[in-house]
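Trainee: These protein sequence lines are chains A and B, in that order. Numbering of the first sequence is given in UniProt numbering, commencing with residue 1 and proceeding in unit increments. Numbering of the second sequence is given in UniProt numbering, commencing with residue 1 and proceeding in unit increments. The beta-carbon is built from N, C-alpha and C at its ideal position, and this holds for glycine as well. Being a predicted model, the structure only gives us computed values, none of them experimental. I am attaching a structure below and will ask some questions about it afterwards.
2 protein chains.
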Amino acid sequence: MGALSPGGPCFVGVDVGGTTIKAALFDDTALFDGAARPVVEVREPTPADAGPDAVVAALLAVTRQVVELAQARLARPAAIGVAALGLVDEAAGLAVRSARIGWRDVPLRAIVERELAIPVALGHDLRAAALAEARLGAGRGSASFAFLAVGTGVGGAVVLDGVPLTGAHARAAEIGHLRVAGADLACPCGSVGCLETVASARGIALAYRARTGRTVTAADVAGRLADDADAAAVWARAVDALAEALAICQLVVDPAAVVIGGGLSLAGDLLLRPLRGALADRVTLGPAPPLVRSALGDRSALVGAGLLAARLLGG
Amino acid sequence: MGALSPGGPCFVGVDVGGTTIKAALFDDTALFDGAARPVVEVREPTPADAGPDAVVAALLAVTRQVVELAQARLARPAAIGVAALGLVDEAAGLAVRSARIGWRDVPLRAIVERELAIPVALGHDLRAAALAEARLGAGRGSASFAFLAVGTGVGGAVVLDGVPLTGAHARAAEIGHLRVAGADLACPCGSVGCLETVASARGIALAYRARTGRTVTAADVAGRLADDADAAAVWARAVDALAEALAICQLVVDPAAVVIGGGLSLAGDLLLRPLRGALADRVTLGPAPPLVRSALGDRSALVGAGLLAARLLGG
Numbered sequence: 001m002g003a004l005s006p007g008g009p010c011f012v013g014v015d016v017g018g019t020t021i022k023a024a025l026f027d028d029t030a031l032f033d034g035a036a037r038p039v040v041e042v043r044e045p046t047p048a049d050a051g052p053d054a055v056v057a058a059l060l061a062v063t064r065q066v067v068e069l070a071q072a073r074l075a076r077p078a079a080i081g082v083a084a085l086g087l088v089d090e091a092a093g094l095a096v097r098s099a100r101i102g103w104r105d106v107p108l109r110a111i112v113e114r115e116l117a118i119p120v121a122l123g124h125d126l127r128a129a130a131l132a133e134a135r136l137g138a139g140r141g142s143a144s145f146a147f148l149a150v151g152t153g154v155g156g157a158v159v160l161d162g163v164p165l166t167g168a169h170a171r172a173a174e175i176g177h178l179r180v181a182g183a184d185l186a187c188p189c190g191s192v193g194c195l196e197t198v199a200s201a202r203g204i205a206l207a208y209r210a211r212t213g214r215t216v217t218a219a220d221v222a223g224r225l226a227d228d229a230d231a232a233a234v235w236a237r238a239v240d241a242l243a244e245a246l247a248i249c250q251l252v253v254d255p256a257a258v259v260i261g262g263g264l265s266l267a268g269d270l271l272l273r274p275l276r277g278a279l280a281d282r283v284t285l286g287p288a289p290p291l292v293r294s295a296l297g298d299r300s301a302l303v304g305a306g307l308l309a310a311r312l313l314g315g
Numbered sequence: 001m002g003a004l005s006p007g008g009p010c011f012v013g014v015d016v017g018g019t020t021i022k023a024a025l026f027d028d029t030a031l032f033d034g035a036a037r038p039v040v041e042v043r044e045p046t047p048a049d050a051g052p053d054a055v056v057a058a059l060l061a062v063t064r065q066v067v068e069l070a071q072a073r074l075a076r077p078a079a080i081g082v083a084a085l086g087l088v089d090e091a092a093g094l095a096v097r098s099a100r101i102g103w104r105d106v107p108l109r110a111i112v113e114r115e116l117a118i119p120v121a122l123g124h125d126l127r128a129a130a131l132a133e134a135r136l137g138a139g140r141g142s143a144s145f146a147f148l149a150v151g152t153g154v155g156g157a158v159v160l161d162g163v164p165l166t167g168a169h170a171r172a173a174e175i176g177h178l179r180v181a182g183a184d185l186a187c188p189c190g191s192v193g194c195l196e197t198v199a200s201a202r203g204i205a206l207a208y209r210a211r212t213g214r215t216v217t218a219a220d221v222a223g224r225l226a227d228d229a230d231a232a233a234v235w236a237r238a239v240d241a242l243a244e245a246l247a248i249c250q251l252v253v254d255p256a257a258v259v260i261g262g263g264l265s266l267a268g269d270l271l272l273r274p275l276r277g278a279l280a281d282r283v284t285l286g287p288a289p290p291l292v293r294s295a296l297g298d299r300s301a302l303v304g305a306g307l308l309a310a311r312l313l314g315g
């Protein structure tokens, strides 16, 4: 936790994820220097099982907490950015849909504005994360990049000239739902063999359990690669599926780079090294894009939300 | 052939394709009205088998012919746009590579400028075609669209806010090289099972021959759908592969529409109707984008080249 730099405005970023809600206070300096370190940060579990209303209440509570922490330092946040999971209509300020939370067309922007009396920008978590990587993180030097977030699920963003592509229906870069060869598990989206069923943390854990009968996390699987053939096989399958999806992105958008984020990116070279190899093997037209790890880690969407808030004031 | 409208500048567009080189004279009115009708147009076969030098000579000859036809009408083209097949570096003015022509790093822009003493813009044939569809054709009303050209090969472009995406290595939208499920033919690109091997005019003709021993064109196959089970099976396979690739484009860029061009688009509803159905079946996230046929037909790259010429003068 840092000190507020005097004089400049401060902003609240909120990241509503499937597992955790994070809210943080950024001042101008903290937001726009390379570290993007929040002045204060609060995290609470997302009460997803308790339903949409509980999630909205929890989101308001953590946001209020950060606003009050700001006020205790004699500062008043100039704007709030909320980055939400699922399908988000940024222009309309709506959380349109999230299978995890179960909400439909929740006017999140208006709700937070009304409750906290501070201007609010609503964004999509992965596009916000990609924006943060573009401005302050691993995408900084790249004219374009594909952002791939491998966590509980698999999602992404396509960043062109520093701007995450939204798409005509706010659905660009649904990379987790690209079908991969040889995959046959049903996906909640209604399709079969989606990347997410094989390469998400959840998919990896389920595949390991199917092979061994043992229940572990994807991080456990990563930790066992050296001496557990089942772990190695499940991991290799996930890596290959990720490479297949990235090769597709390379053919469709030809990005200058790929930035890997999400929880599984914490595995570092255990993920990145084989993924680079698998991608190079698959790319036959042009050079394979360089693959780098997210610089902002599990704060990328939070920082991106702070940037959305700052943008409301022309930042 | 039309009359030159008096007063305004005129432009030459040249489309260097694998089969035909087309050059046309456009005046301001012809280029920017909806019809995009050239004042004069010249077509010659591409002497691809005679090698790169012969193709450059042929391209210069047809271009000179159009310039002289303009001069006969007391007009002098203000700029020339050349849209070339293969890998094109627009910024450097280089025809980098084309398997069909066999050229490598030919400085086409400088060559045409030197020979004709008129400013030249070099473009990529499919991005030029997509630009023309965006400004004057079937993409006119769409904020974004995927352009899919199904001809001898399969290629495309992704148009965002009216601008075809170039990509970091001038390789965006290599849609013909997306791998499709169940395809196993080797592709000249070095990969296996590329869309192009199944769904191009060449791929369709080869697949029909493999089934029946008979040599026909893809257009013949389209003409036999009603009473030739082999033709119907080959066509259905091509349609399904195209739908698979379009579903991928929908997941990656979420375009507002899809525009189908190239020679096979002349089959009209024989192609578009089943393709719409197959795409709707595959899209599970969000609405399937509406699928429309190119409005400029086999002139889209030619008109696009004219637009590139006009843009050189700020058009």
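How far does the beta strand (DSSP E) with B/T20 in it extend, from its first residue to its last?
Mentor: Your numbering for residue 20 of chain B matches position 20 in the second sequence. Its beta strand (DSSP E) spans residues 20-27.
Trainee: Answer yes or no: does any C-beta atom of chain A fall closer than 7 Å to that of B/R171?
Mentor: Taking the second sequence and counting its residues from 1, one reaches residue 171 of chain B at position 171. Judged by the 7 Å Cβ criterion, B/R171 is in contact with chain A.
Trainee: Would a C-beta distance cut-off of 7 Å place A/E174 and A/V259 closer than the cut-off?
Mentor: On the first sequence, residue 174 of chain A is found 174 positions in, with the first residue counted as 1. On the first sequence, residue 259 of chain A is found 259 positions in, with the first residue counted as 1. Contact: no.
Trainee: What residues in its chain sit with their C-beta under 6 Å from that of B/R43, if we drop five residues either side in the sequence?
Mentor: Your numbering for residue 43 of chain B matches position 43 in the second sequence. Once the five neighbours on either side are set aside, the close Cβ partners of B/R43 are T20, K22.
Trainee: Under a CB-based cut-off of 7 Å, is A/S294 close to chain B?
Mentor: Numbered from its first residue, the first sequence carries residue 294 of chain A at position 294. It does not: the Cβ of A/S294 has no partner Cβ on chain B nearer than 7 Å.
Trainee: Could you pull out every residue in the same chain whose Cβ sits closer than 7 Å to the Cβ of B/G309, ignoring the five residues on either side in sequence?
Mentor: For this step, residue 309 of chain B is matched to residue 309 along the second sequence. For the record, residue 309 of chain B in the displayed sequence is Ala; it is not Gly. Once the five neighbours on either side are set aside, the close Cβ partners of B/A309 are F11, V12, G13, A79, I80, G81, A121.
Trainee: Expressed to the nearest angstrom, what Euclidean distance is found between the alpha-carbon atoms of A/T46 and A/V16?
Mentor: Your numbering for residue 46 of chain A matches position 46 in the first sequence. Your numbering for residue 16 of chain A matches position 16 in the first sequence. Cα atoms of A/T46 and A/V16: separation of roughly 8 Å, rounded to the nearest angstrom.
Trainee: Taking one C-beta from the stretch 50-58 of chain B and one from the stretch 100-108 of chain B each time, how about it: are there three or more such pairs within less than 8 Å?
Mentor: yes
Trainee: So what's B/E174 in DSSP terms, helix, strand or just coil?
Mentor: Working through the second sequence from its first residue, we reach residue 174 of chain B at position 174. Coil.
Trainee: On the DSSP bridge list, what partners appear for A/I260?
Mentor: Within the first sequence, the letter at position 260 stands for residue 260 of chain A. The partner list for A/I260 (beta bridge, DSSP) reads A/L148, A/R293.
Trainee: Would DSSP call A/P274 helix, strand or coil?
Mentor: Position 274 of the first sequence, counting from 1, holds the residue named residue 274 of chain A. Here DSSP, grouped into helix, strand and coil, assigns A/P274 to helix.
Trainee: Between A/I204, A/V216, A/V252, A/V88, which lies nearest to A/A233 when the distance is taken from Cα to Cα?
Mentor: The sequence position of residue 233 of chain A within the first sequence is 233, counting from 1. Of the listed residues, the one whose Cα sits closest to A/A233 is A/I204.
Trainee: Is A/I111 close to chain B? Criterion is C-beta to C-beta, closer than 7 Å.
Mentor: For the purposes of this step, residue 111 of chain A is taken as residue 111 along the first sequence, with counting starting at 1. Chain B, which has no Cβ nearer than 7 Å to the Cβ of A/I111, makes this no.
Trainee: Can you tell me whether DSSP reads B/R104 as helix, strand or coil?
Mentor: If you number the second sequence from 1, residue 104 of chain B lands on position 104. In the structure shown, B/R104 sits in a strand (DSSP, three-state: E or B).
Trainee: Contact check, A/L270 vs A/L225 under 8 Å by CB: the rounded distance?
Mentor: On the first sequence, position 270 is the one that residue 270 of chain A refers to. On the first sequence, position 225 is the one that residue 225 of chain A refers to. Their Cβ separation, rounded to whole angstroms, is 6 Å, which keeps A/L270 and A/L225 in contact under 8 Å.
Trainee: Report yes or no: is there a C-beta of chain B within less than 7 Å of the C-beta of A/G286?
Mentor: Here residue 286 of chain A refers to the residue found at position 286 of the first sequence. Closer than 7 Å: yes.
Trainee: Give the residues of chain A in contact with B/S144, contact being defined as C-beta atoms less than 7 Å apart.
Mentor: In the second sequence, the residue the question calls residue 144 of chain B occupies position 144. Here the neighbours are A168.
Trainee: Could you tell me which residues DSSP puts in a beta bridge with A/D89?
Mentor: Residue 89 of chain A sits at position 89 when you count from the first residue of the first sequence. A/D89 is bridged to A/L94.
Trainee: For A/E133, return the contacting residues in chain B, with the cut-off set at a CB-CB distance below 7 Å.
Mentor: The count along the first sequence starts at 1 and reaches residue 133 of chain A at position 133. Going along chain B, no residue has its Cβ under 7 Å from A/E133, so there is no contact; the nearest lies around 16 Å.
Trainee: Would A/A168 pass as a contact of A/F147 if the rule is Cβ separation under 7 Å?
Mentor: On the first sequence, position 168 is the one that residue 168 of chain A refers to. On the first sequence, position 147 is the one that residue 147 of chain A refers to. Taking 7 Å as the Cβ cut-off, A/A168 and A/F147 do not qualify as a contacting pair.
Trainee: Does B/V252 get closer than 7 Å to chain A when you measure Cβ to Cβ?
Mentor: Along the second sequence, read from residue 1 onward, the residue named residue 252 of chain B stands at position 252. Output row for B/V252: interface = yes.
Trainee: Buried or exposed: which applies to B/E68, given that a residue is buried once 16 or more other Cβ atoms fall within 10 Å of its Cβ?
Mentor: Start at 1 with the first residue of the second sequence, and residue 68 of chain B comes out as number 68. Residue burial is scored here from C-beta neighbours: B/E68 has fewer than 16 other C-beta atoms within 10 angstroms and is therefore classed as exposed.
Trainee: Near B/A288, what residues of its chain come up, given a Cβ to Cβ distance below 6 Å and the 5 sequence neighbours on each side ignored?
Mentor: As a first step, residue 288 of chain B is located in the second sequence; it is residue number 288 there, counting from the start. Hits under 6 Å: L279, A280.
Trainee: Since A/A83 and A/G137 are thought to touch, with beta carbons under 8 Å apart, how far apart are those beta carbons, to the nearest angstrom?
Mentor: Position 83 of the first sequence, counting from 1, holds the residue named residue 83 of chain A. Position 137 of the first sequence, counting from 1, holds the residue named residue 137 of chain A. Not really, about 15 Å apart at Cβ, beyond 8 Å.
Trainee: Determine the direct distance from the alpha carbon of A/L291 to that of A/D184, and round the result to whole angstroms.
Mentor: Sequence index remark: in the first sequence, residue 184 of chain A carries index 184 (1-based). Sequence index remark: in the first sequence, residue 291 of chain A carries index 291 (1-based). So the two alpha carbons sit approximately 27 Å from each other.
Trainee: Report the rounded CA-to-CA distance for B/G93 versus B/L126, giving the unit in angstroms.
Mentor: As a working note, residue 93 of chain B is residue 93 in the second sequence. As a working note, residue 126 of chain B is residue 126 in the second sequence. Distance between the alpha carbons of B/G93 and B/L126 is about 16 Å.
Trainee: Below 8 Å on the Cβ atoms is my guess for B/A201 versus B/G151; work out the distance and round it to an integer in Å.
Mentor: Here residue 201 of chain B is taken as the residue at index 201 of the second sequence, counted from 1. Here residue 151 of chain B is taken as the residue at index 151 of the second sequence, counted from 1. Sure, about 6 Å apart at Cβ, within 8 Å.
Trainee: Under 7 Å between beta-carbons, which chain A residues line up against B/S98? List them in chain order, please.
Mentor: Here residue 98 of chain B corresponds to residue number 98 of the second sequence, with the count starting at 1. Within 7 Å Cβ-Cβ: nothing; B/S98 doesn't reach chain A, min ~13 Å.
Trainee: Counting only Cβ-Cβ distances shorter than 7 Å, please list the residues of the stretch 230-246 of chain B near chain A, keeping chain order.
Mentor: none
Trainee: Using the beta-carbon count (16 or more within 10 Å), is B/P255 buried or exposed?
Mentor: Here residue 255 of chain B corresponds to residue number 255 of the second sequence, with the count starting at 1. When all chains shown are included, B/P255 counts as buried.
Trainee: Nearest to B/G156 by alpha carbon, out of B/A222, B/D240, B/A245?
Mentor: If you number the second sequence from 1, residue 156 of chain B lands on position 156. Nearest option by C-alpha distance: B/A245.
Trainee: Comparing the C-beta of B/S191 with each C-beta of chain A, is any distance below 7 Å?
Mentor: Taking the second sequence and counting its residues from 1, one reaches residue 191 of chain B at position 191. Interface residue, yes.
Trainee: Does any residue of chain A have a CB that is nearer than 7 Å to the CB of B/E44?
Mentor: For the purposes of this step, residue 44 of chain B is taken as the residue at position 44 of the second sequence. Not one chain A Cβ lies under 7 Å of B/E44.
Trainee: Is there a Cβ of chain B sitting closer than 7 Å to that of A/P107, yes or no?
Mentor: The residue given as residue 107 of chain A occupies position 107 in the first sequence. At a cut-off of 7 Å between beta carbons, A/P107 makes no contact with chain B.
Trainee: Please list, in chain order, the residues of the stretch 253-268 of chain B that have any C-beta partner in chain A closer than 7 Å.
Mentor: V253, D254, P255, A256
Trainee: By how many angstroms is the C-alpha of B/G297 removed from the C-alpha of B/V180?
Mentor: Along the second sequence, read from residue 1 onward, the residue named residue 180 of chain B stands at position 180. Along the second sequence, read from residue 1 onward, the residue named residue 297 of chain B stands at position 297. Cα-Cα distance, rounded: 26 Å.
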